Every structure is written in structure tokens, then in C-alpha cells.
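Let me begin by presenting the structure, written as C-alpha cells, before commenting on it.
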Amino acid sequence: MTAVPDDPKPPPRPPAPLADRYDPRQAEDTWYGVWEERGYFRADPFSKGKPYCIVIPPPNVTGSLHIGHALNNTLQDILVRWKRMEGFNVLWQPGMDHAGIATQVVVERQLAAEGTTRQALGREAFVQRVWKWKEESGGTIIRQLKRLGASCDWERERFTMDPGLSAAVREVFVRLWEEGLIYQGEYIVNWCLRCQTVLSDLEVEYEERAAELYYIRYGPLSLATVRPETKLGDTALAVNPKDRRYAKYVGKELEIPSVDGTIRMKVVADAAVDPKFGTGVIKVTPAHDPTDFEIGRRHGLEVRQVIGFDGKMNQRAGKYAGLDRFEARQRIVEDMTGLGLIEKVEPYQHRVGTCYRCKTVVEPLVSKQWYVRMKPLAERAAKAVRDGRTRIVPRTWLKTYYWWLDNIRDWCISRQLWWGHRLPVWYCDAEGSIHVSREDLAECPSCHGPLRRDEDVLDTWFSSGLWPFSTLGWPRDTPELKTFYPTSCLVTGFDILFFWVARMMMMGLHFMGEVPFRDVYIHALVRDAEGQKMSKSKGNVVDPLEVMERYGTDALRFTLAALAAQGRDIRLSNERIEGYRNFANKLWNAARFVLSNLEGYRPALARKAPAPLAERWIRSRLVRTVGAARKSLAAYRFNDAAGVIYQFLWHEFCDWYLEWSKLTLYRGDDPAARARTQAALVEVLETTLRLLHPFMPFITEEVWQRFPKGRGAPASIMIARFPRVRRRDLDPAAEAAMAPIMAVVSAVRNLRSELQIPPSRTLTAIVRPPAGTVAATFLETAAAVAALTRAEIQVDPAATRPPHSLLAIADGCEVYVPMEGLVDVEAERGRLSRELRRVEEDLGRTEAKLAREDFRQRAPAEVVAREEAKGVEQRALRAKLREGLERLDALAGR
RNA sequence: AGGGACGUAGCUCAGUGGGAGAGCGCCUGUCUGACGCACAGGAGGUCGGCGGUUCGAAACCGCCCGUCCCUACCA
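Sequential numbering of the first sequence, starting at 15, is according to my numbering.
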């Protein structure tokens with residue numbers, strides 16, 4: 015049990031009888047408030063119980079709940095509610111991310127709509143404006159998570175920019191600097207012109223775009239490029255060192271007539287050049303292309319920047335100065351065409367980098383930025399997974415994880431934004447020194463002169479990378495850290511495996527000396543019914559709030575869990591949700607049935623009757639279901655867990671046991687047997703409710719409150735005990751005994767349906783069980799079988815097949831249904847004959863004749879074997895023919 | 001270019017060595033005292049193709065065809 019004391023207050027409403035229909039909204043509003051108020055979500059680091067902790071992937075502060083959040087948080091809530099019911103000391107740590115660039119883009123758009131800019135506002139006012147926006151809209155997603163039923167400890171809500179987490183960020187930066195793992199350097203970076211900031215490699219998304227490949231004459235050589243405008247920044251030509259065609263030019267300086275007069279250009283040999291692409295010659299523009307930058311470094315080439323940070327050609331571009339980069343391309347191509355320098359133009363599919371937030375085409379530019387040295391951190395993160403200290407589920411993601419860590423490049427952490435953690439870096443211009451400090455500095459520590467603070471802020475993932483320990487109080491030494499770190503499980507989508515998961519691994523190992531989580535469960539993406547990625551621009555987003563409104567939160571949660579098969583994306587459709595809404599309805603009505611049949615219920619009396627077979631069966635099935643569900647949950651197989659519970663409740667409990675119980679409840683005259691049945695119904699359904707609670711928290715609570723419970727029972731299903739399995743509760747004998755009985759019931763129903771005998775009409779069925787115990791169970795259950803089949807059942811181990819009867823074989827039992835009085839024999843013969851004639855036509859005259867001979871002359875087993883040898887279609891027709899002939903024989907009394 | 005997945009009933013998908021399954025849809029019947037958001041019955045599948053391993057393959061291996069995703073500095 016959790017440490018939470020049961021609330022002495024009575025439940026908010028007297029347990030009135032269940033309404034005709036389940037009203038999700040009402041139950042949701044009622045119970046979430048009760049749970050929260052009673053402190054069931056609250057975690058206590060000093061509480062007893064094995065700790066179980068999940069940190070929420072912090073949603074963006076300006077975000078609102080989309081279907082991906084719904085899936086992610088439903089799965090976390092299932093785990094957390096389950097563990098809580100198991101008696102773990104559970105913390106689900108909530109919070110939000112300031113989401114630097116994303117949030118800044120949103121607020122900038124607002125400003126644009128007001129006709130102003132952040133520059134006009136100034137840094138301080140702008141940041142204030144973002145805070146204000148955060149206060150206004152920041153709580154939206156939290157309210158929506160509550161609507162989803164998320165049982166986070168809201169009193170511990172954290173924000174990546176609150177004072178505690180800011181202290182953690184500052185501490186980490188300073189330590190990494192002191193350890194030499196943070197450095198400043200001038201490299202080529204991805205520059206977003208709109209956001210006016212550098213982006214990390216991960217923040218660049220590539221898109222296929224139609225482009226043109228220009229073949230340009232370069233003196234004696236020619237080369238291909240898609241970016242002629244960068245030509246003005248060329249400082250060399252390069253060829254592959256093994257390319258014999260151009261060997262004679264390597265090391266030479268060529269005179270090249272061009273749009274800006276004749277220029278001199280050296281030819282270098284570099285392995286990065288692919289001799290098979292284009293002409294095998296490239297122009298080297300170190301300032302505007304990552305590959306060229308590398309080549310430039312290797313050969314000591316000048317970095318000649320011709321495009322500015324505003325995306326316009328700069329002074330060095332001569333007559334093109336001031337033009338936008340794409341305008342400049344046009345103009346240069348025109349000019350070169352005029353000079354006869356363009357040899358040809360080919361259409362070309364080009365991958366172009368864009369900003370992951372605003373989709374602007376990224377410009378590679380050289381700039382001074384801050385980096386974290388990743389190699390040493392990455393090695394430990396990979397090793398921790400190789401050693402099994404953190405388990406990644408499903409394992410298909412392992413390769414991806416290793417690949418990235420093994421090929422990692424240094425992480426550019428500075429951003430030219432205003433919203434975020436400002437770098438704790440100060441420059442003393444007088445002595446040219448750099449100071450990194452935990453406390454804000456007012457003057458230079460060495461010369462006491464004035465300081466200038468670095469303008470940049472940190473990449474937003476820098477702070478979220480600390481999330482598993484910063485939220486628990488680090489760098490202070492807190493009881494929360496002691497109890498809950500390493501956390502138990504991280505539940506997240508694969509899209510942030512590198513952005514976030516890998517970085518948490520690195521940071522956690524480095525600063526805590528231990529992995530941040532034992533398990534990482536990576537779930538799929540939710541797509542629309544057509545398998546398309548949901549996006550606002552496509553207009554195919556499913557709004558979880560609308561779904562909850564229409565079908566109820568529990569239906570949405572169960573749907574997501576039931577579809578969360580490992581390694582595959584989820585296609586969400588209304589039909590699917592409707593099906594699980596119906597499941598909730600089924601549960602509701604089963605509960606209504608049980609509760610409305612509790613008249614005179616006395617559990618003590620129940621013990622005076624022996625357990626009948628059906629009860630032993632359903633109890634054993636329940637235990638198996640509990641076992642399977644537990645096993646699936648432990649393996650993060652949410653779909654399997656949901657599936658077995660669904661199957662059990664609907665198709666075993668409702669379809670069989672509940673129907674079976676009606677005989678005792680409605681027609682029985684034995685009070686002890688009646689009490690026994692009532693107890694079984696109550697206990698089995700009550701257990702199922704607890705099993706189902708993590709998936710469907712609201713309806714299970716609403717129903718559970720109405721169930722009769724013993725003294726000292728918990729006040730809420732939330733803190734009730736999750737069902738467990740004891741081996742001795744299994745009853746394989748009962749399950750085995752029920753199998754032939756259920757098979758006979760189905761067989762009789764089947765015959766009735768085939769003979770088109772209305773359900774209202776009683777028929778007779780003679781059951782001939784195989785010798786042994788089965789006969790006894792049939793005698794014991796004959797009344798129930800009769801009720802379920804609406805047939806008069808005669809059980810006779812020595813019965814022979816009567817004339818004019820149909821035969822069915824069900825799990826070793828023979829079932830005979832005499833047709834006399836049920837069927838107009840002549841009419842039925844006519845009908846069958848006509849049907850068989852059609853089958854024979856389909857089969858073909860010759861084949862039909864052969865088939866008839868087979869049936870007459872061969873043993874049944876041989877006939878079936880001969881059918882097997884035929885094609886699919888023939889086989890089916892022959893089987894149809896055979897069955898028809900058999901039935902005709904039966905009608906004829908043979 | 002490299003890596004990863006997926007192809008099973010009309011649709012969406014479970015199912016990792018011995019019974020081909022679920023939900024929805026479809027057909028037939030049912031005013032059965034929990035539920036028509038239901039009940040009962042049924043039709044429908046050479047498990048993408050070919051080859052191999054195995055006593056036995058939807059599953060394991062190889063190749064091919066088709067779809068998708070991720071990663072990467074071919075200008």
C-alpha cells in the first residue's frame with residue numbers, strides 16, 4: 015500500500031445505482047478532483063516501499079496536448095498507476111520545458127502580427143514578454159494532462175528555467191568548462207536567417223527539393239554546382255588525388271575569366287572529392303559549405319565570406335553586394351550565360367537543410383560558437399547500455415543509439431536567442447580574458463575592470479538533458495535524489511532519442527555517476543487512419559480533447575494502449591476508438607447486471623455451497639488473465655496486456671459466465687448456490703476492475719465504488735491492491751472440463767442456425783460424450799447447457815445416432831439433433847438438392863462426378879486427403895458438396 | 001550511399017519453430033429480464049515472390065519485388 019492514509023471523508027456521492035449509461039464526463043470530473051485532493055499522486059522520499067520513478071518528458075511551455083502526448087502520457091500513467099497499486103513508492107515527476115527557439119518563434123510571430131519586432135522591443139522587454147506568455151498559456155497542457163487522467167505529483171512541478179533548474183544548468187556549465195569539456199571555437203555552423211541563430215546539426219531537417227545543376231567553365235576546367243552565388247567566395251578548386259584526368263593541374267594556379275574579371279585560383283587534391291560526380295572538379299568555398307570548410311582547413315585556404323548573417327551578399331561580393339542570396343544566384347547565372355561560361359544546366363534533386371522550427375533554408379556560415387566535447391561523454395553512455403545498466407526497449411533502437419554515439423560530433427550549445435539560459439561567460443575586453451562563473455560577475459576578477467557578458471543563451475536541450483536529476487534537486491543533495499535516482503523508466507518517442515535521451519544518459523553518467531534510468535521504453539508515432547504523419551498543415555490532426563469529449567477519456571486511453579504494439583506506428587481511426595468505447599459500455603453494463611442481482615447477498619452463505627464447475631472455470635481464467643497482463647506490462651507490451659483483459663472481460667466473463675450465472679440467479683431455488691454465484695460475480699468483476707484500472711482509471715473507479723467490500727477496504731481503487739497470481743489459484747482441471755461443454759454449446763447453436771430454426775423454438779440435442787469423467791460434467795451442467803442453447807439436452811454415453819438427425823462433433827463429443835418436427839423434410843431436401851446442383855455446376859460436371867464417387871466408395875479420411883490435394887477453390891466446393899450429400903443422407907434417414 | 005523496419009482475411013493490424021488470429025466491415029438470424037455501443041451463427045486467407053535450413057516455417061537464413069522511416073559533407 016502507499017503511505018497515503020485513507021481519507022476519512024465519505025465518497026463525494028452516495029453510491030447510487032448505476033445509471034443506464036456511463037457518463038464519462040461526470041466520472042472524470044468527479045474522480046480526478048478526489049484523487050488529487052486526497053493526495054494519492056503525492057510522493058514522499060521517506061516513505062517505505064521500493065521506489066519507482068518516472069520523469070515526464072517535459073512538454074513545451076507553450077504547447078497544447080496533441081495525440082502524441084496523449085499516447086506518451088497514457089503509457090506512463092499506466093505504469094505509474096500499476097506500480098502504485100503494487101505498493102511501490104511512486105513518483106511521477108512532472109514539469110515543462112522552456113523550449114528556447116520554439117517559444118521564441120511563437121512570441122516573435124505575435125510581435126510580427128502587432129507590427130513590431132523583438133529588436134524594437136529590446137532584450138529585457140522581450141524576455142519579459144515571453145515570461146508573460148508563459149504565465150498565460152503555460153498551464154494549458156497541464157490542465158489537458160489532468161483531463162487525460164495523468165497521476166503526476168503536481169506539487170513537484172518543475173520548469174527548466176525555474177531557479178533550481180537554472181542553478182543546475184549553471185553548475186553543469188561551469189564544471190564542464192573547468193574540466194575542459196566546453197570550448198569556444200570558430201567553425202562552420204548551420205545558420206538560420208529567420209531565427210538569427212546557429213542551430214545544432216540535429217536541429218536541421220533535410221528536404222528534397224528540385225534544383226538546377228549548373229556546369230560552369232573554370233578556365234581550362236569545368237565543374238558542376240547548385241550554388242553559383244557562392245562562387246564569389248571560392249578560394250580554390252579541388253579534384254580527387256587519384257583522378258588522372260586532372261593530375262597535371264594539381265598544385266598549379268589557374269587563370270580563370272569570370273563575372274568579376276579574371277581571377278587566380280589554385281588547384282588542390284583532396285579525397286573528399288568524388289571523381290564520379292559532375293566533372294570530378296569542385297570549387298572550394300570554405301565560408302559557405304561544410305565540406306569545403308574541411309577541405310579549406312586541410313589545405314590552409316582562405317575563408318572568404320560573401321554571404322552575410324542576414325542572407326544578403328556582402329561587400330566582398332562586389333557588384334552583387336546587397337542582393338539576397340537567391341537573387342544573386344539568378345544574376346550571376348545570367349551574367350555567366352552572357353559571358354558564355356555556362357556549359358549546360360541539368361535538373362537536379364537536391365537535399366537542402368532547413369530550420370526545424372521555422373523551415374527557413376539554413377545557410378552554412380563560419381562563426382564563433384561554444385561547444386561541448388562529446389567523445390568522452392558518449393563513450394560512457396554507449397557502454398552503460400552495452401553493460402545492461404540501462405535497457406532500451408524495443409531492442410531495435412539499440413543500433414541507432416550506438417551508431418549515433420559512436421559517430422558523435424561535438425555539440426554546439428550556444429544560440430543567438432534571447433529566451434533561455436544565458437551563458438555564464440564574461441569577457442574582459444581590457445585584458446582579453448574570459449571568465450566562467452557560478453555567480454554573476456560585476457567586474458573583472460583580475461583587473462577589476464568592466465566586464466561584458468556573452469549575449470548567447472544555451473541550446474534548450476542543454477537544460478532538458480539534466481532533467482532526471484535537476485528536477486530532483488541537484489546540485490543540492492536531496493532525499494529525492496537519494497530515493498528516486500536512477501529513475502525507473504523513461505517513456506518517450508524515438509524522434510528525441512538523440513536530442514534528449516542520449517544527452518540525459520551522458521549528463522547523468524557524468525554528473526551523477528550513474529545512469530539516469532533503468533529502462534527506456536520507446537514508443538511509436540501516432541499517424542492518421544491513412545498512415546500519414548499528423549501535422550497541422552495537412553489538417554489531419556486528431557485532437558485528443560475532442561476524442562475525450564466524444565468517447566470518454568478511458569476509451570481514448572484504452573485505444574492507445576491497445577494499439578501500442580512495439581516497433582510499429584499507430585494508425586488511429588474513429589472506428590477503433592468506437593470499439594473500445596463499446597468495451598467501456600460493456601463493462602458498465604456487466605457491472606449493472608452484477609449489482610442489480612445482489613439482492614439478499616450474504617458472502618458467508620456462499621461458502622456453504624461447493625464451487626460449481628463454471629465458477630471454478632471463470633476464476634481460473636481470471637488468474638490466467640492476471641498473469642498474462644502482468645507479464646505483458648512488465649515487458650512493456652501494452653497492447654498484449656490490454657488485449658487479454660479485453661478478451662477475458664468481454665468474451666469469457668460476459669459471453670459465458672454471466673450468461674451461465676443467470677440460470678442460478680433467475681431460476682435457482684438454492685439460496686447457498688445463489689449466494690455462491692453472487693460472490694463469484696462480485697469477486698471476479700471486482701478483480702478485473704483493479705486489473706483494468708491503470709488503463710481505464712475513471713470508469714473503474716466509478717464502478718468499483720459501488721461494489722460491496724469488506725471492512726478496512728481502501729477508499730479508492732487507485733490505492734487498492736493490483737491483482738496477483740498464486741499458482742494454486744489456477745484450476746486446469748476446471749478449464750479442461752469446460753472445454754467440451756463450451757464446444758457442445760457452440761455446436762448446437764451452429765446446427766440451429768444452419769437449420770434456420772428460430773431461437774424461440776426449442777429443439778432436442780443428444781450428447782454422447784466419450785466415456786469417463788466428461789459424462790459426469792455433462793450431467794452436472796446439463797441444465798446450463800440447455801439454457802444456453804435453448805435445447806432439451808439428453809446426455810447419454812451409450813447413445814446411437816437416431817434416424818433423420820444431424821451430427822456434429824465437438825471436442826470429442828458427438829451431438830445429434832433429430833430433425834423430425836423441426837424441419838419440413840421434403841422442403842429441406844428440395845432446397846438442398848437445388849443448392850447442390852449449383853455447387854456441381856461450379857465444380858464442373860466431370861469433377862462433380864468424381865467427387866460423388868469418392869464419397870460413396872472411399873473412407874472419410876481418404877476423401878478428405880484427396881480434397882487436400884486439390885486447389886483451394888476445388889477443395890472448398892468439394893467440401894460443400896460432401897456436407898450437402900451427408901445432410902441429404904440424414905434427411906433420408908440414413 | 002549506409003542503416004532499420006514493414007508486406008498475414010475487404011480495411012487496420014496482433015502473432016518469432018508445431019492449432020492462422022483480433023477489431024472494424026460484410027452476410028444470416030434474434031424485441032433472450034446488463035448492454036442493439038447488444039446477442040447468436042457464418043463467409044472470407046497458396047501469411048508479398050522464389051530458394052534454403054528443419055521431421056515440421058507466417059515465423060529462421062539468402063535473393064528478388066513493393067512500401068516506409070532514420071542517418072550522411074556528392075558539390
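Don't be surprised by glycine CBs; every beta carbon is placed ideally from N, CA and C. Note that the coordinates shown come from a computational prediction; the quantities given were computed from them, not determined experimentally.
Asked, Found
"Residues in its own chain within less than 7 Å of residue 900 by CB, not counting five upstream and five downstream?", "none"
"Tell me, to the nearest whole angstrom, how far the beta carbon of residue 822 is from that of residue 895; I am working on the premise that it is less than 8 Å.", "Actually they are not in contact, since the Cβ atoms of residue 822 and residue 895 sit about 19 Å apart, beyond 8 Å."
"Spatial neighbours of residue 616 within its chain, please: CB distance less than 7 Å, with the 5 preceding and 5 following residues excluded, ordered by chain position.", "689"
"When we look at the beta-carbon of residue 481 and count the other beta-carbons within 10 Å, is it buried (16 or more) or exposed?", "buried"
"Suppose you measure from the CA of residue 815 to the CA of residue 629; what does that come to, to the nearest Å?", "32 Å"
"Within the same chain, show all residues whose beta-carbon is closer than 8 Å to that of residue 319, passing over the 5 residues directly before and after it, in chain order.", "247, 301, 302, 328, 330, 379, 380"
"Alpha carbon to alpha carbon, what distance is there between residue 411 and residue 392?", "16 Å"
"Nearest-angstrom Cα distance between residue 387 and residue 500?", "24 Å"
"Taking the alpha-carbon of residue 400 as reference, which of 209, 828, 519, 295 has the nearest alpha-carbon?", "519"
"Can you list the beta strand (DSSP E) stretches of 3 or more residues lying completely in the segment 424-497, in chain order?", "439-442, 447-450"
"As an exercise, report each continuous alpha helix (DSSP H) stretch of at least 4 residues that is fully enclosed by the segment 289-350, in chain order.", "304-313"
"Residue 588 by DSSP, collapsed to three states: which one?", "helix"
"How long is the line joining the alpha carbons of residue 368 and residue 238, rounded to whole angstroms?", "23 Å"
"Work out the CA separation of residue 797 and residue 596 for me, nearest whole Å.", "31 Å"
"From residue 32 to residue 712, what distance separates their C-alpha atoms?", "14 Å"
"Looking at the secondary structure, which residues open and close the beta strand (DSSP E) in which residue 236 lies?", "235-239"
"Per DSSP, which residues does residue 110 bridge with? Please list them.", "173"
"For the segment 51-62 against the segment 71-91, do three or more pairs of beta-carbon atoms, one drawn from each stretch, fall closer than 8 Å, so that the two count as touching?", "no"
"Answer with buried or exposed for residue 206, where buried requires no fewer than 16 other C-beta atoms within 10 angstroms of its C-beta.", "buried"
"Could you tell me which residues DSSP pairs with residue 267 in its beta bridges?", "280"
"Please state whether DSSP places residue 421 in a helix, a strand or coil.", "coil"
"Of the residues 850, 794, 813, 734, which one's Cα is nearest the Cα of residue 101?", "734"
"What does the alpha-carbon distance come out to for the pair residue 490 and residue 34?", "55 Å"
"Between which two residues does the beta strand (DSSP E) containing residue 219 stretch?", "218-232"
"Which residues in the same chain have their Cβ closer than 7 Å to the Cβ of residue 36, if we skip the five residues on either side of it in sequence?", "598, 599, 602, 713"
"From which residue to which residue does the alpha helix (DSSP H) around residue 799 run?", "787-803"
"Quick check on the burial criterion: 16 or more other C-beta atoms within 10 angstroms. Buried or exposed for residue 470?", "buried"
"Does the segment 109-118 come close enough to the segment 430-437 that 3 or more CB-CB pairs lie under 8 Å?", "yes"
"How about the segment 680-697 and the segment 622-639: do they share at least three Cβ pairs that are nearer than 8 Å?", "yes"
"Quick one: residues in its chain with C-beta nearer than 8 Å to the C-beta of residue 236, no 5 flanking neighbours on either side, listed in chain order?", "229, 230, 293, 295, 357"
"Flag this pair as yes or no: are the beta carbons of residue 377 and residue 325 separated by less than 8 Å?", "yes"
"Roughly how many angstroms lie between the CA atoms of residue 848 and residue 906, to the nearest whole one?", "16 Å"
"Residues bridged to residue 537 by DSSP?", "507"
"Would you report the Cα separation of residue 165 and residue 708, rounded to the nearest angstrom?", "10 Å"
"Please say whether residue 254 and residue 224 have beta carbons closer to each other than 8 Å?", "no"
"Given this structure, state the Cα-to-Cα distance separating residue 113 from residue 351, to the nearest angstrom.", "47 Å"
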